[in-house]
Structure formats: structure tokens, C-alpha cells
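For the record, the sequence lines run as chains G and B.
Position 535 of the first sequence, counted from 1, bears residue number 535 in my numbering, the numbering being contiguous throughout.
Position 56 of the second sequence, counted from 1, bears residue number 56 in my numbering, the numbering being contiguous throughout.
Even glycine gets a Cβ: it sits at the ideal position worked out from N, Cα and C.
Protein chains: 2
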Amino acid sequence: MQALIRPSAIALSIGLSLGCGGALAQDAAPAADVSQSSQAAPKYQSIAGADSPDKVLHVDVLLSGDGNLSYQVTRNGHTVIEPSRLGLILANAPKLDRYFSYDTSATTSHDDTWELPWGERRVVKNHYTELRVDVVQKKWQDRRMTVVFRIYDDGIGFRYEFPDQPQLKKLEIMDELTEFAVADTATAWWNVAGEWNREEYVYQKTPLKEVAEAQSPMTLKTDKGLYISFHEAALVDYAAYWLRRVDGQRLKTRLAPSALGAPVVREAPFPTPWRTIQITDSAAKLYNSSDLILNLNEPNKLGDVSWVKPYKYVGIWWQMHLNTGTWEYGPRHAANNENTKKHMDFAAKNGFRGVLVEGWNKGWEDWFARGDDFSFTQSYPDFDLPALSAYGLKKGVHLVGHHETSGNVAVYEPQMEDGFKLYAKYGVDSVKTGYVADAGGAKVKAPDGSIRFAWNDSQEMVRHYVLNVRTAAKYKIAINTHEPIKDTGLRRTYPNWVSREGQRGMEYNAWGDPQNPPEHEANLIFTRMLTGPMDFTPGILSLQGQGKPLISTQAKQLALYVVLYSPIQMAADLPENYAKYPKPFQFIKDVPVDWEQSIMLNGEVGDFATIARKDRASDNWYVGAVTDEQARDVEVPLSFLDANRSYTAQIYRDGPNAGMTGDARFDIVIESKPVTAGETLKIRLAPGGGMAIRLVAGKAKK
Amino acid sequence: MQALIRPSAIALSIGLSLGCGGALAQDAAPAADVSQSSQAAPKYQSIAGADSPDKVLHVDVLLSGDGNLSYQVTRNGHTVIEPSRLGLILANAPKLDRYFSYDTSATTSHDDTWELPWGERRVVKNHYTELRVDVVQKKWQDRRMTVVFRIYDDGIGFRYEFPDQPQLKKLEIMDELTEFAVADTATAWWNVAGEWNREEYVYQKTPLKEVAEAQSPMTLKTDKGLYISFHEAALVDYAAYWLRRVDGQRLKTRLAPSALGAPVVREAPFPTPWRTIQITDSAAKLYNSSDLILNLNEPNKLGDVSWVKPYKYVGIWWQMHLNTGTWEYGPRHAANNENTKKHMDFAAKNGFRGVLVEGWNKGWEDWFARGDDFSFTQSYPDFDLPALSAYGLKKGVHLVGHHETSGNVAVYEPQMEDGFKLYAKYGVDSVKTGYVADAGGAKVKAPDGSIRFAWNDSQEMVRHYVLNVRTAAKYKIAINTHEPIKDTGLRRTYPNWVSREGQRGMEYNAWGDPQNPPEHEANLIFTRMLTGPMDFTPGILSLQGQGKPLISTQAKQLALYVVLYSPIQMAADLPENYAKYPKPFQFIKDVPVDWEQSIMLNGEVGDFATIARKDRASDNWYVGAVTDEQARDVEVPLSFLDANRSYTAQIYRDGPNAGMTGDARFDIVIESKPVTAGETLKIRLAPGGGMAIRLVAGKAKK
């Protein structure tokens with residue numbers, strides 16, 4: 001009758017080992033007892049612990065029962081993450097779980113800053129305490145493993161490191177036992193994982209205890225007012241993880257499966273990716289502190305990356321989603337010489353550096369589920385790559401290349417370098433890639449030469465994405481990945497990985513069932529966007545999809561250029577549509593894409609967000625705000641402005657009659673007024689609305 | 001702000017295919033539109049449907065959007081299972097999902113009965129409607145698949161069948177897309193899956209929407225008063241599935257991973273195991289109708305199985321769990337000649353056919369996590385197998401063999417046949433096997449000769465369990481598997497697979513943390529026991545574990561022999577303890593283990609159950625009842641008795657002061673009185689209590 005508490009696997013193994021007289025508790029290094037009170041909880045012994053620099057967060061590493069390893073996290077003394085398992089299950093050796101004993105540990109402090117070549121901000125602070133804990137499994141020929149924690153004031157990262165040791169040269173990892181046991185009752189914003197081969201969902205908001213299996217990142221709000229985000233950093237040569245809820249509020253990492261065998265196969269020594277937990281006391285801080293992921297990645301490995309250019313672009317793209325043009329060759333083929341020149345002329349006239357052209361290359365016939373026929377060097381007959389590239393460059397407009405693969409890496413990889421070489425030859429310095437993989441996964445070549453269908457999150461695909469970006473770098477080409485592997489901050493290491501999709505983008509407003517709801521962007525900002533740049537392709541001022549009106553105001557379309565960060569931003573609508581709306585279009589022409597600083601002023605997950613960003617190339621600031629289906633008044637305290645200057649605020653806001661349906665969507669007020677650092681603007685957002693402000697700096701007073 | 005509905009993957013693919021003008025809806029055979037009303041729901045077209053024999057259940061097979069296959073189930077017109085996906089994801093070919101079109105379908109009726117050589121009842125009725133639906137994927141070289149439904153009045157089974165076709169000779173199945181979308185709000189009784197390598201948990205009771213990933217079977221009660229159980233039948237040469245909740249009340253099968261590659265690798269033609277859904281309007285009917293699983297299995301493949309003997313047994317077992325003896329050789333080694341003879345004498349004196357001896361063979365040193373050293377033919381020096389077996393047989397007592405493997409199949413399989421041969425030589429006709437596999441899974445030998453750690457639910461282990469039972473059959477040996485693969489009714493096909501564990505058994509009362517709670521058996525009866533016999537090893541009349549008192553009355557220990565079905569039942573306590581309680585022990589001596597008929601009279605999942613069973617060898621009936629932590633009065637309507645006879649009821653019930661702690665646990669009333677079919681007994685069960693009745697038939701009146 002009563003609901004029962006599941007004894008943890010730890011408790012089970014204790015019971016069993018007692019049953020056989022094999023308890024190894026004596027292996028645990030004696031230390032502070034931090035046992036929990038729950039029915040089945042075993043005794044935990046802290047074997048090591050450390051504080052964040054300002055002592056906000058504290059991590060304890062624990063041994064329990066018969067040598068099970070776990071950790072817990074407190075914030076200002078309050079338990080945020082209850083004792084949570086650490087370990088892995090192997091296919092080729094006994095599991096790295098239980099029978100652990102303490103060997104050594106070490107704590108070090110780190111505090112410095114570094115610069116992003118492009119980004120939300122120029123200078124990134126990296127201040128943390130590192131705790132290294134070495135454990136050993138005496139039962140298994142003294143196998144050793146190190147768990148490394150990096151403890152920041154606003155979050156932690158931890159990873160496993162496997163030394164070079166004869167007892168464990170090769171690891172075939174079947175699964176990770178890593179857990180996140182959330183202490184306080186929490187609400188979760190999440191997407192299902194493992195079902196669909198890309199990360200394009202409408203977000204769900206449920207109690208954490210109703211989450212099933214989720215993608216990372218997942219964002220929580222606890223009943224104590226804390227905001228938590230689970231993700232990973234530096235995902236290299238390893239499978240991505242999904243968050244599987246075990247029961248209650250206990251989450252476990254699950255490694256994406258492999259079609260080749262164990263999800264991960266690696267030779268030691270190597271570290272796993274970092275498992276990250278951001279913990280803040282406001283939603284805005286969750287965004288403002290999101291450098292955790294970047295800090296846990298390796299520094300730039302490409303050297304001089306001045307050839308990586310942030311830019312805005314237009315393209316031959318939206319018309320295919322409106323189904324007024326086709327990717328494949330035929331009577332309605334959009335990627336033709338005339339249409340490309342038309343877009344280049346429009347770009348030059350309006351100051352856009354790039355023109356994306358999709359469907360220029362052979363092989364789009366039945367591309368959707370196969371991708372077997374793609375050529376990455378041969379154009380359709382109505383597309384003259386050399387001539388068009390030259391035509392654009394004369395006007396300062398760069399063709400943006402396109403490699404749609406349908407996830408067919410087996411067909412793409414042998415052509416990949418030639419594809420980049422061709423583009424580089426004709427001055428194309430950035431490429432959008434695509435991995436629509438609806439045949440049953442991406443297609444990869446197995447060691448035995450056979451073709452395998454693989455999860456986008458699998459180790460083999462993780463390897464491909466890095467290979468793609470590194471190969472492009474050889475040709476000084478920047479990559480914007482669509483249907484990508486999740487972003488884990490590798491743009492720090494490979495700064496030519498400028499952006500990616502990885503969310504339900506604008507095209508769903510053209511044909512999605514359902515379309516993106518009004519809260520969609522307010523969800524993305526606090527979830528997907530914590531991981532890095534999003535090529536969302538905003539700016540549909542016509543507010544019209546394929547027979548479906550967008551659920552958005554015109555002002556919100558402008559706001560997206562500020563609130564949704566990407567160093568490359570598309571003006572996604574058709575040129576003829578921008579011609580109809582010259583006044584709001586002015587903001588899209590003005591807004592930059594590279595920032596000296598970014599500050600979220602206020603916001604709530606899934607409700608609204610107000611973000612201010614300072615242009616890297618000038619003293620101007622930009623502010624954007626979006627709301628969900630609720631109208632609301634947002635406050636914009638201008639304290640971030642230079643008190644020594646006056647500014648002109650060019651404001652694009654929802655009009656008095658603005659709303660998210662019908663003509664009300666086009667009710668926009670554009671006004672200009674002087675402002676100073678002292679004041680606070682109050683601006684009303686309509687249901688499904690938003691606002692954008694350009695703050696033009698006057699001369700410094702002295 | 002508002003909680004959002006995830007568009008189903010179906011809806012996503014519709015949207016996407018519209019986006020690329022590739023919708024295949026025209027492939028769907030026109031038929032009745034049974035579209036759902038939810039936000040993102042696509043249009044479903046019924047391409048085939050059929051009723052159960054009495055038209056209680058109805059199944060529709062549906063096509064939607066771009067050729068996605070699904071099904072739905074209604075009961076008396078009420079939707080129980082909403083449209084739920086069908087399909088599979090492959091590693092070596094495009095997925096068996098979408099692009100389906102209708103080919104043909106056929107409906108047939110089946111009605112017969114068959115006999116169980118041993119079981120809960122002798123005669124099993126098998127009355128169903130079969131619906132076969134052939135679908136084709138024109139996009140993939142006309143690949144064909146058949147979905148077969150068997151529709152009973154109290155449940156359905158369905159499976160996929162893959163024909164011999166050149167386009168798909170070999171299937172490497174990465175995952176199944178099979179869904180169970182529960183229409184009405186439901187409560188679930190479940191165990192976590194995938195974490196721990198065997199099925200030994202305290203059951204959880206939560207809203208269905210709080211289930212994470214569960215083992216099958218899982219039992220539901222809906223707010224409409226319907227009882228549902230999800231499981232599978234005839235699991236052969238395939239991976240077991242786990243129930244992963246996708247979101248809301250939508251469950252999806254997930255195949256247990258393989259350490260060798262894809263979870264399932266098979267050559268066509270072959271069928272998958274049956275996916276089963278029992279649906280009844282009372283908890284008792286869920287148990288009374290549980291022949292669904294057996295009916296979906298293949299008939300007996302062993303021919304004459306008169307050598308398979310139901311029996312009761314005692315053994316050298318509980319004392320190891322009390323830690324007063326050891327499995328391994330040493331000063332406290334329990335499996336010695338003297339102790340074995342003592343148990344054989346006790347068995348002979350009290351009418352038990354079997355004496356189980358664990359720890360008789362070499363290799364138990366560090367067995368718990370390794371099992372590398374086990375011999376299945378060599379005894380420890382203090383155990384004389386030939387002499388002891390002969391000693392017992394003179395008294396009509398049979399040694400019960402024991403093969404503990406620690407899940408180390410790589411070590412066991414090469415010795416397995418020799419082990420059975422040895423036992424057969426000395427007249428041992430039943431063997432208990434064990435698969436404690438705590439090193440990180442079972443150990444199996446890969447085709448390349450390497451040793452792999454495998455999930456107990458993996459295809460390779462499923463193969464092993466069947467090989468084990470079939471090999472034993474060659475030597476006329478019955479198998480009782482502990483830490484087994486889940487029971488899917490294969491006892492029909494291999495009647496020497498007499499019982500198995502597969503639940504949190506009595507030993508957890510010796511050392512478990514926590515011990516089994518009072519409701520444990522009332523959970524098992526409506527979940528695990530729906531799948532088949534359980535070797536729970538009841539009868540601990542001493543009510544004492546390893547320093548832990550059992551949370552049970554003495555009367556409940558007797559009740560377990562009736563309510564928990566197994567054709568082999570252990571009297572698990574120590575002989576000296578039975579000597580202390582001769583009166584209650586009498587019931588254990590009297591109760592049979594093979595039944596002509598079984599009827600659950602009343603019960604509620606997790607609360608209580610009252611079951612009546614008729615002895616196969618006499619006209620006597622037996623009744624047992626157990627409750628959870630609540631005291632309650634159970635009614636026993638005796639209408640099942642022969643109205644033409646009088647009976648003497650020997651009643652073992654909780655005394656007036658009985659309770660689940662302290663001395664109150666021993667308060668038992670044993671009384672005898674005449675009863676007839678007309679009357680209804682009312683018997684009070686104490687908290688944590690139970691009762692057992694032996695109904696001795698008098699002569700027929702004429």
C-alpha cells in the first residue's frame with residue numbers, strides 16, 4: 001500500500017556482500033561521517049573535499065558500503081546534490097564501481113583570465129579550486145582511477161581520468177554510473193533524448209520527478225529558488241550522454257549507444273568529458289555565469305584565427321521552407337545563378353557579408369533519407385561557383401558554402417577535404433554543414449568496411465564533427481553545423497566552429513506541427529543557449545510561414561538578434577519581404593554580431609529574458625527582450641552604460657495594439673530618445689512580443 | 001510559461017517531410033479516420049482491425065503522416081492504449097519506421113485447450129482472434145514486415161515477423177520503437193531497469209508519469225478501474241526489453257544492450273518475442289487470466305516430461321544467509337557429509353523429496369564477483385556426492401543439484417554438460433542454477449574469443465538460459481534458475497524449466513537493507529508472479545534473520561505456500577527451527593505443489609490477495625491469504641468447493657494479538673471445522689499477517 005523507497009544499488013550490494021561476508025567497508029579511509037537519513041541509505045565517509053574560491057560551493061567525495069564512490073555538492077552549507085554515484089561499467093573488464101579504496105588527493109587553486117577571439121564577451125575569467133582524488137580497486141590488481149573536480153562559485157565540472165596501467169590498457173565503456181541526485185524538489189525544462197536523431201523539440205516543463213530520459217543541457221529551478229543546469233564540456237572522442245532519471249529526483253548519465261559495440265572504446269591514458277553542474281540563485285546568473293563550459297575546454301589549438309570572421313548573412317534558404325523553391329535540380333531550383341546574384345546584390349546594398357546558397361551541389365534528389373548521391377564538388381548546371389563567388393567578392397560579399405550530408409558521413413568524409421579545398425580556392429571562408437539523418441541515423445563506415453547507422457550522439461559521430469572542423473581549419477574555413485552534436489564548448493579549442501543549430505529553429509515556423517510556441521526562445525535562452533552559439537536564423541519580418549502565420553510580433557523578430565547569441569546571424573526572410581519593412585529592417589542592418597560584453601538584466605526560464613550586449617567594434621550597446629505568451633513590462637536599468645557619455649536610444653518595441661496573431665503582430669513603435677546611465681527604461685512587451693534597443697554612444701564628456 | 005506538449009516524433013517527421021515535399025500519406029490505405037484530438041496529433045488511418053472473441057478488446061493498426069505504423073487498443077469501446085508507434089531501428093539498414101504502406105491483412109479465429117504437465121491449473125484455454133498485417137516500405141526496395149496481433153478478451157500479444165527477403169537478410173537491431181501509450185491516468189507498480197544486473201528490488205508505487213525506466217512486467221491501475229500489465233512472451237534469441245517512459249504516459253520498449261554490438265543480431269526469417277498487454281477490470285482477474293503469456297509460447301518441445309517432478313525441498317542454504325555456515329571450504333563449510341545426511345534424514349522423516357546443497361563444489365573462494373574458479377564436477381573433500389546421493393535415494397530423498405556460476409557463463413558453458421552428466425549419473429534430477437554477477441555483468445565469450453561482460457537481459461544471455469535448460473533436458477534434469485532472465489512463459493515449451501527466482505526473495509530478510517516490507521508479497525503476486533513460478537523459498541517459522549527479525553507473522557509464512565506459486569517449494573528454515581514449531585510445520589508438510597486449478601478470490605495490488613488452489617492429486621483445496629502492513633478481514637466464499645461433498649477446514653490464522661513485530665508474530669491460531677460450498681469464511685489478517693487453510697474433502701454424497 002505505501003509507496004516504497006528503492007534501496008540504492010549501493011545498499012543492495014552492501015546487503016549482498018554482508019550475505020557473503022565480503023563487506024569492504026574497512027577499505028574506506030576514515031573521515032567525517034556524512035551519512036544520510038533515508039531508509040536505505042548506507043553510511044558515507046568523506047575521503048576528500050574542497051570549497052570554491054569564495055566558499056559558495058563545496059564538494060565532498062565519498063566512499064560507502066563496500067567501496068562505492070560518490071560525491072555530493074553543497075551551496076553555502078545547503079545540500080544541492082545528495083550523495084551521487086561515480087563509476088563506469090566496462091565490456092572488457094570488471095566494472096569501475098565498488099571495491100574502491102582511497103589512495104591520495106590534492107587541492108590546487110587557479111585564477112586567470114583569457115580572451116575569446118569572438119564571443120559574448122572578450123575577456124573570460126577562470127577562477128576555480130581543483131580537487132584530484134586518486135582511488136584504487138585492490139580487488140582488481142590495484143586498478144587506479146582519478147576523479148577530478150573543478151569547483152567554481154557558480155558551478156562545478158568533474159571528470160574521470162584513467163592512467164596508463166597494464167591492468168586496464170583499453171576501456172570498452174558500456175555505460176557510466178555517474179549520478180546527479182537533486183536534493184530539493186525541482187521543476188525541469190527538458191527535451192526527450194534517444195528517440196529522434198537530432199535535438200529539435202518543443203521544450204517540456206514538468207516536475208523533475210516526471211522527467212523520463214532527457215538530453216543535456218537540462219535546466220532546473222528548485223523550490224529553494226536555486227537554478228541548476230546539467231551538461232558536459234569538451235566532448236571529444238567519447239559518446240555524448242543522456243540524462244536518465246533512475247527514480248525520484250536521481251538522474252544518471254547514459255552514454256549514447258554505438259552501432260559498432262560498446263558506446264565508448266578508448267586506450268588509456270585519457271580523461272572523460274567534464275560532467276558539469278551550474279548552480280546559481282537567479283535565472284539571469286545562470287546565463288551570466290555560463291563560461292563554466294568554455295573554461296573547462298582546452299585553449300585554442302589553431303593559433304592565429306584572425307581569418308575567422310563574425311558576420312551577418314542572407315541566403316537561398318527560407319524559400320525552400322516556404323516550398324516556393326527546391327533544393328534539388330528542376331524547374332523550381334532555387335540555387336541558380338540569377339537568384340544567387342539577386343541575393344548578392346541585396347547583401348551588398350544592405351551590408352551583409354555573407355550569402356548562403358543551399359542546393360547548389362549535385363545529389364539532392366531523395367536527399368532527405370539517403371544522402372548517398374551527394375557530391376561536394378560538383379554544381380548543378382545552373383550554378384557557376386567560380387563566377388558567382390567572384391561576382392560577390394567584387395562587392396565585398398562572400399558566398400557561404402553548404403555541405404548537407406543527410407548524416408551520411410560514409411559518403412561525406414571521403415569528399416570532405418576536396419569540398420573545403422574547392423571552396424577555399426574560390427574564396428569561400430565559411431561553410432554551413434547539415435546532418436538531417438532520417439533513414440535511421442547517421443551513416444558511418446565501420447572498421448570492417450560495412451556501413452552502419454549511428455546515433456548523432458555516438459562516439460563515432462563525435463569524432464566526425466571534430467574531424468570536420470579540424471579539416472576545415474586547414475583551409476581557413478569556419479563551420480556552422482546544423483543537426484549537430486551538442487555544443488560542449490569546443491569553440492574555445494577550435495575557434496572556427498563558429499555556430500551550430502541544435503534546437504528547433506525558425507524553419508519549424510514555416511511547416512512545423514506545431515510551430516514554435518511564443519515561449520520557445522525564452523526556453524532556449526536558459527537551456528540550449530547555455531552551451532554556446534545558436535544559428536536560429538531569425539528576422540522573418542513577414543511573419544509568414546508555409547500557409548502558417550508566425551506566432552510572434554515584428555519587434556520580437558528584431559529582439560532575437562540580441563537575445564539569441566551567434567557570431568553569425570542570418571537575416572532569414574526573403575529580400576522582397578525586407579523591402580516591405582525598411583524601418584524595422586534598419587535594426588537588422590545595424591546590429592553587430594560580436595560582443596565586448598553581455599549581461600542578462602533580468603529573466604525567468606521559459607517566461608522572458610532581457611539581455612544587454614556591448615559591441616566590440618564601437619562604444620554602442622544593444623538590448624533585446626523577449627516574452628512568452630504573456631504581455632509584461634520589462635525594466636531596463638541602464639547602469640551598464642558609461643556614466644561619462646550620453647547615448648541615443650533607438651527603440652523598436654511592440655505597439656499599443658500589438659499581439660501574437662493577425663495584423664496586431666505588425667504593430668511596432670520605432671522611436672529615438674536620449675538616455676544616460678542613471679535611468680531605467682520601462683518597456684511593455686506584447687503577448688508573443690519583444691523589443692530591441694540600439695544605444696548609440698555620444699562623445700565621452702572629457 | 002505553460003507546460004508544453006511534445007510533438008510526437010511522428011508529428012516531427014510529418015513536418016519535416018512537408019518541409020521537403022516528401023509526405024507519403026498517399027501510401028496509407030484509405031479507411032476509417034481515428035485521429036486523436038491532442039495538439040500535435042497527426043491524422044491516423046486505420047488499415048486493419050479486429051475484435052477479441054467476445055468483442056471485449058479491439059485492436060486497430062494505423063498508418064499516419066508519412067507512413068508511420070502504429071496501433072491502438074480499446075476495451076468495450078473505451079480507448080485503453082492510444083495510438084502507439086510500431087517499428088525498429090537497425091544498425092545495418094534503414095530503420096523499419098515511416099515509409100510504410102499497407103499491403104494485405106488477414107483475420108483468423110482460434111479456440112482450443114491444452115494441458116500443463118504441472119502448473120497452477122491442468123487445463124489451459126486458448127481462445128483468441130489473430131490479426132496479421134503485412135506492410136511494405138516501397139522506398140527501401142519493397143522491404144516487407146508483418147505485424148501479428150493475438151487478441152484475447154483479457155489481453156493482447158503482438159510481434160513483428162520478418163520474412164526471408166534479399167533486401168533484408170540480416171537484421172542488426174539497435175532498438176525497438178514499440179510504444180505503449182496509456183490513455184487513462186494510471187498508478188504503476190514497478191522496479192528500475194538497466195541499473196543492476198538482476199531483478200531484485202523493493203517495488204515502487206508511483207503515478208505512471210513518474211516512472212523512469214522499468215523492468216517488465218509492470219502493473220498499472222487506471223483511474224477508470226482497469227488493471228494493465230505490460231510484459232513479453234517467448235523471449236528466445238533476442239534481447240529482453242525494458243520499459244522506458246518517453247513522456248507523459250507514453251512508454252517505449254528499450255532493448256537491453258549487448259557488449260558485442262547491436263542488442264539483437266538475427267538472420268531473417270524470424271519473429272520477435274510477443275509484446276503483451278493484459279487488460280482486466282479487477283486485480284484478481286489480472287491473475288486469473290494470466291495464461292496469456294503461456295498461450296503465446298510454443299507447445300512442449302521435449303515430448304514425454306513425466307520425469308519432471310514437482311516437489312518440496314529443504315536444504316543447506318538459509319544457514320549461509322544467517323552467516324552460521326559458508327559456501328566456500330573451511331572450518332564452517334556447510335555442505336559437508338554430516339550436515340547433508342542430517343538434512344536428508346529430516347527430509348525423509350517429514351516427506352520432502354528434495355535436499356538442496358549449496359557450496360558442494362570447488363571454486364567458491366571469492367565467488368561473489370568473479371566465479372572464474374568454479375568446477376561443476378569436483379566436490380570439496382568433505383562432500384561425497386555418490387555416497388550422499390545413494391544415502392538419500394534409499395530413503396526416497398533426492399539430492400537437489402546446484403550450479404552457481406556468478407554469471408560467469410564463459411567458465412560455466414564448457415563444463416555445463418559434464419555437470420549435468422555427473423548429476424544424472426548419481427540420480428540427481430533437478431538443479432538450482434545461480435547467476436550472481438556483480439563484477440559488472442555476466443561473463444560471456446565473444447566470437448573473437450575475448451571475454452565480455454554482458455547484461456543479464458542481453459541476447460547472448462537469453463541464448464545461454466535456453467541452452468542451459470535444453471542441455472539439462474537431455475539428461476532429464478529440471479532447472480530452477482536463480483538471478484535468471486525474466487520469465488516469459490518458456491516453461492510451456494521446456495517443461496523442465498520448473499521455477500526461477502527473479503525477485504527479491506527470502507534471503508533479503510536475513511541481511512537485506514531494507515528487509516522485504518510487509519507488502520512485498522502482495523506486490524509480487526500482481527507483478528512478477530504474472531510471469532510464472534517463483535522460487536521464493538518461504539517458511540521461515542523462526543521469523544529470524546541475520547540479527548534481524550522478519551516483518552511477518554508465522555501464519556503468513558504458511559500462506560506463502562499457497563499464494564506464491566511454484567511447482568517446487570522450499571521449506572527454507574533450519575530443521576532445528578521446524579522442530580520448535582511442529583503444529584504450523586504440519587501445514588508445510590501437508591500442502592501440495594501441483595494444482596488442478598487456481599482461483600484468486602479477491603485482492604488488490606500491493607494490499608492483499610486471497611488465492612484458492614485445488615490439489616491435482618486429491619479432492620482437497622487449499623486457500624492462502626496475505627496482507628500488507630494493514631490488518632484486514634478477508635472473505636473466503638467457498639463456492640469453488642464441490643457442493644456434493646462436505647469438507648474439513650484446517651485453518652492456520654493470525655491470533656487475536658498477532659502483529660508483525662516481536663512475540664506477536666508467533667501468535668497463531670490453528671483450528672479445524674466442517675465447511676460446505678454454501679458458506680463464506682471471514683478471517684482476520686494481522687498487520688504483516690496472513691492465513692492458510694487446508695480443505696480436506698469428505699466422501700461424495702452419492
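Please say whether G/L399 and G/V355 have beta carbons closer to each other than 8 Å? yes
Strictly by DSSP, which residues pair up with G/E576? G/E576 is not bridged to any residue.
At least one CB of chain G closer than 8 Å to the CB of B/Q39: is that the case? Annotation note: pLDDT 42 at B/Q39 (below 50); position unreliable, no value reported.
What is the DSSP secondary structure of G/I588, reduced to helix, strand or coil? helix
Rank B/E404, B/L116 and B/F666 by C-alpha distance to the C-alpha of B/Q544 and give the top, closest one. B/F666
Would you report the Cα separation of G/M660 and B/P207, rounded to the nearest angstrom? 36 Å
Rounded C-beta distance between G/I277 and G/V605? I'm assuming under 8 Å. Contact flag wrong, Cβ pair sits at about 16 Å.
With a threshold of 8 Å on Cβ separation, who are the neighbours of B/E115 within its own chain once the five nearest residues in sequence on each side are excluded? R122, V123 and V124
What residues match up with G/H127 in a beta bridge as DSSP calls it? G/D111
Kindly list, in the order they appear in chain G, the residues whose Cβ is closer than 7 Å to that of B/L86. Here the premise fails: no neighbours, minimum Cβ distance about 14 Å.
Of the residues B/Q215, B/E199 and B/E172, the one placed nearest B/A188, counting alpha carbons only: B/Q215
So which residues of chain G does B/G690 contact, with C-beta pairs closer than 8 Å? Simply none; closest approach about 15 Å.
Return no unless some Cβ of chain G is closer than 8 Å to the Cβ of B/D247. yes
Could you tell me whether any Cβ in chain B is nearer than 8 Å to the Cβ of G/L779? Limits of chain G in this structure are 1 at one end and 702 at the other, which puts residue 779 of chain G out of reach.
G/W189 - partner residues in DSSP beta bridges: G/K205 and G/T219
Around the C-beta of G/N657, are 16 or more other C-beta atoms found within 10 angstroms, so that it is buried, or is it exposed? exposed
Run down chain B in chain order and give the residues with a C-beta less than 8 Å from the C-beta of G/I89. G440, G441 and F453
Per-residue DSSP class, three states only, for B/S35: Below a pLDDT of 50, predicted positions are generally treated as unreliable, and B/S35, at 36, falls in that range; no measurement from the model is reported.
Under the three-state DSSP convention, the category B/H321 falls into: helix
Please state whether DSSP places B/Y494 in a helix, a strand or coil. coil
Taking CB distances under 8 Å as the criterion, tell me whether B/V192 reaches chain G. yes
Which residues of the region 220-245 of chain B have a Cβ closer than 9 Å to any Cβ of chain G? Give them in chain order. R244 and R245
Can you list, in chain order, the residues of its chain with a C-beta nearer than 6 Å to that of B/A697? Leave out the 5 residues immediately preceding and following it. D619, N620, R645 and Y647
Can the beta-carbon of B/A183 be found less than 8 Å from the beta-carbon of B/E213? no
Within the continuous beta strand (DSSP E) that includes B/F536, where are the two ends? Premise fails: B/F536 is in no beta strand (DSSP E) and is neither H nor E.
Taking a contact to mean a Cβ-Cβ separation below 8 Å, would you say B/A700 touches B/D457 in this structure? no
Relative to the alpha-carbon of G/G505, which residue among G/P538, G/A522, G/T481 and G/I668 has its alpha-carbon at the smallest distance? G/P538
Segment limits, beta strand (DSSP E) that includes B/H464: First-last for B/H464: Q459 to K474, but that is the alpha helix (DSSP H), not the beta strand (DSSP E).
For the region 348-433 of chain B, list the beta strand (DSSP E) runs that are entirely contained and at least 3 residues long, ordered along the chain. 354-357 and 398-404
Taking Cβ positions only, does B/N92 come closer than 8 Å to chain D? Absent here is chain D; the protein component of the structure consists of chains G and B.
Spell out whether any CB of chain B is found under 8 Å from the CB atom of G/M174. yes
Beta-carbon gap between B/T433 and B/T481 smaller than 8 Å: yes
Run through the DSSP bridge pairs and tell me what G/Y703 is partnered with. The displayed coordinates of chain G run from 1 to 702. Any statement about residue 703 of chain G would go beyond what the structure contains.
So who's on the other strand from B/D84, going by DSSP bridges? The sequence shown places Ser at residue 84 of chain B, rather than the Asp named in the question. In DSSP, B/S84 forms a bridge with B/Y71.
Please determine, among G/A284, G/V265 and G/Q415, the residue with the shortest C-alpha to C-alpha distance to G/F162. G/V265
So, are the CB atoms of G/F180 and G/S70 less than 8 Å apart? no
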